[in-house]
Structure formats: structure tokens, C-alpha cells
Amino acid sequence: MKVNTGYVFDERYLRHDPGTWHPERPDRLRAIQRRVMFSGLINELTLIQPYEAPLEWLTRVHHPDYVERFRQACLKNYTIFQSPDNGICPESYAIARLSAGGILAAGDAIMTGQATNVFCAVRPPGHHAEHAQAMGFCFFNNVAIGARYLQEKYGLERIAIVDWDVHHGNGTQHLFEEDPTVFYISLHEDPSHCYPGTGHRSEKGKGPGLGYTLNFPFPPRSGDWDYLEVLEEEVIPALAAFRPDCLIISAGFDAHANDPLAHMRLSRTGFARMGRVLAFFAQEYCQFRLITVLEGGYNLEVLEDCVEDHIRILQNIFDS
Ligand SMILES: [Zn+2]
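Rendered as C-alpha cells:
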């Protein structure tokens, strides 16, 4: 079987403008796209065109009134939505739908055989977005919408989401904490030191979902081997027991030592190693089905280096 890696990108993703000096800026995707072009990777990837996520899929995880309020805020030229860190422009609503739709298009591609695995270079990011609350630069929870889509449109039963963004994915956790069919696992900086303040080890899901949320907070200045040890010894065994039909990575690259927003010490090599471990797991357990979705990462050099490495890993998982 030849691995055929898909790549979701659209120039329109650059149009979401959260305001001057906002760290979640269009340059993040410009840097990634430039690297994918100039490295020649672009010629080896299957380009996947995103579409605006239909309302019916957005409202699988978000309250319809919330979606409408966001639409209205953009129509009325508001510059923030719900919280000061969620800067918006008139096009933000459409682009946030296109961001979520990037994961739907990725799902279509892996389920129809157009691609084996996919990297989604999308923005705005999604993992902080709650049922009815925009938070932390996020409006629609891209991975959550994608997980529901894979279940309901394509009949996949169990989806696992591994979130290695340095910030806890509060939105994704809350959306699935009572659901035993979506396993959410997060590795992040200790909530007492870092936004958004959730993600303690004791948060393990609720009701029927108890045991299907796992949180691994790390103290500031943790490094590659701290993460890799937890990934190999705790995350992989838990994933193997769950036997997901598809693995989604909420991939932020803001735990890197040079990222300006957090206090961790991961290296480029550490991110590559984590990617390899999870790609190998998807190969063994999920029929290769792996969708990596960009979340945070605010140092442009780090972002383009780590994304290039990760895409090459997706293409070469046989060599792992
Ligand atoms: Zn983050």
C-alpha cells in the first residue's frame, strides 16, 4: 500500500484577521505554505480543497444561537467576539467555517481513498472553542466537528483525539467528556501556570464518558523526554485498548522552547518523535487513518520546521 498524504490549505485562510499584533496571525499559515512550496513537498502531496462546513455539522457541536451570534458579529464589523482575545474581521465567520470544513474535506479524503492521511493547515484554530463560547483564538471546534462527521457520515464508531498543543483543549474535552466513543487525550502545560486553567489529571470524563478523557499536565520547562515517556508509556497503551477507527492529532507547536506563549522546552526533534509514534500507531491500529489538524504555534520558524517534519513523517510511516 502506497501512502498518499493529503494537504488541506486555502489562501482564504489568510483573510481571518484578528487584529494587528495578534499572535494568531495570517503569517503563521504563510510560513507553512511557503515551506511546503519551496521544499518541493507540494509536488508530493494530494491537495485537498476545503469547503465551508455546512451549518448542520457546525451545530452538531455548537449551539445554533452561538453560530448565529458569531455570524452577526462579523456582519456588524465587530472587532472582537465574546472575549478580548478573539479578534475578528468581517470575513472571520466564513473563514472559521472554512477552517472546520478543512477537517470535513480531510475526512472525505481518507474515507474515499483519495488520501491515506492528511495534514490540515487551517486557521482559525479550534480546540478552545466550547459549545457556545469562543475562547483562546478559537471559534468553531474543528477537530470536534470533524470527529462527529466521521462518526455520522461514514459510520466510524470510535475516534481518538490526541492534543499536544501546550494549552489544554478545554473545548474538545467538554464537548466529549460524557461520550465514550470519542477519547480525548491532552498533553499540556500545568493549568496552574498556563491558559486556560483546565486539564488537571483528575479530569477523566463524566458519566458514561468516565475514563475516556485523559489529561497529562507537565510542569513548566518540561522537555522532549518528559513528553515522550508519557506518550509511549501511558498514551499509546490507552489508545491501543480503545482501538480507534481514526486518530486525530490536535497539533499545536507552542510547547517548543522558542515559542513566545508558553514555558516548555520541546525541540524540533521532540515534535518529530511524537509525530512518528502516533503515525505508527495509526498505521497499526487505524488502517493508517490519521488527520493532523493545526492548532497553536506562534514562532514562525518553529512552525514551518515542525510542520515540514510532520508531513514527511506522514508520507514515510513505513520507515518508522
Ligand atoms: Zn496553544
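Here the sequence shown stands for residues 384 to 703, where the numbers follow this note's numbering. Glycine residues also receive a C-beta, built at the ideal position from the N, C-alpha and C atoms. Just so we're clear, the structure is a prediction, and the values are computed from it rather than from any experiment.
- Counting only runs that start and end inside the region 542-612, the alpha helix (DSSP H) elements of at least 4 residues fall at 553-559.
- Phe636 counts as buried, since no fewer than 16 other beta carbons sit within 10 angstroms of its beta carbon.
- Under the 8 Å Cβ criterion, the region 524-533 counts as touching the region 477-495, having at least three qualifying pairs.
- Excluding residues up to 5 positions away in sequence, Asn387, Gly389 and Ala498 lie with their Cβ nearer than 6 Å to the Cβ of Thr429 in the same chain.
- Thr429 is bridged by DSSP to Gly389.
- Placement of the Cβ of His646 at a distance of 7 Å or more from every heavy atom of ligand 1 is found.
- Taking 8 Å as the cut-off, the Cβ atoms of Leu661 and Tyr610 do not count as close.
- The set of residues with a C-beta under 6 Å from any non-hydrogen atom of ligand 1 comprises Asp548, Val549, His550, Gly635, Asp637, Glu678 and Gly679, given in chain order.
- For the region 644-675, there is no continuous beta strand (DSSP E) assignment of 3+ residues that stays within its boundaries.
- Here Ile568 is actually not in contact with Val501; their C-beta atoms are around 20 Å apart, not less than 8 Å.
- If one requires a minimum length of 4 residues, the alpha helix (DSSP H) runs lying completely within the region 471-535 are 475-495, in chain order.
- With 16 or more other CB atoms across the displayed protein chains lying within 10 angstroms of its CB, Met647 is buried.
- Excluding five sequence positions before and after Pro620, none of the CB atoms of its chain fall closer than 7 Å to its own CB.
- The region 686-695 makes no contact with the region 538-549, as fewer than three CB pairs between them are under 8 Å.
- Contact check for Pro433 against Leu397 fails: the beta carbons are separated by 8 Å or more.
- Pairwise C-beta distances place the region 620-629 out of contact with the region 571-588, as fewer than three of them are shorter than 8 Å.
- Leu441 and Cys669 have their alpha carbons spaced roughly 25 Å apart.
- Of the residues assessed, Glu616 falls on the exposed side of the cut-off, its CB having fewer than 16 other CB atoms within 10 angstroms.
- Under DSSP, Cys629 takes part in a beta bridge, and its partners are Ile542.
- Put simply, the region 507-524 does not touch the region 413-426. Fewer than three CB pairs are less than 8 Å apart.
- Note: Ala414 is not bridge-paired with any residue in the DSSP secondary-structure output.
- Within the same chain, Gly519 and Phe520 come within 7 Å of Asp468 by CB-CB distance, once the 5 residues on both sides are set aside.
- For Pro447, the three-state secondary structure derived from DSSP is helix.
- In the structure shown, the three-state DSSP call for Pro406 is coil.
- The beta carbon of Ala512 sits closer than 6 Å to those of Cys521, Phe522, Phe523, Asn524 and Gly554, all from its chain and outside the five residues before and after it, given in chain order.
- Between Asp410 and Leu683, the C-beta gap is smaller than 8 Å, which places the two residues in contact.
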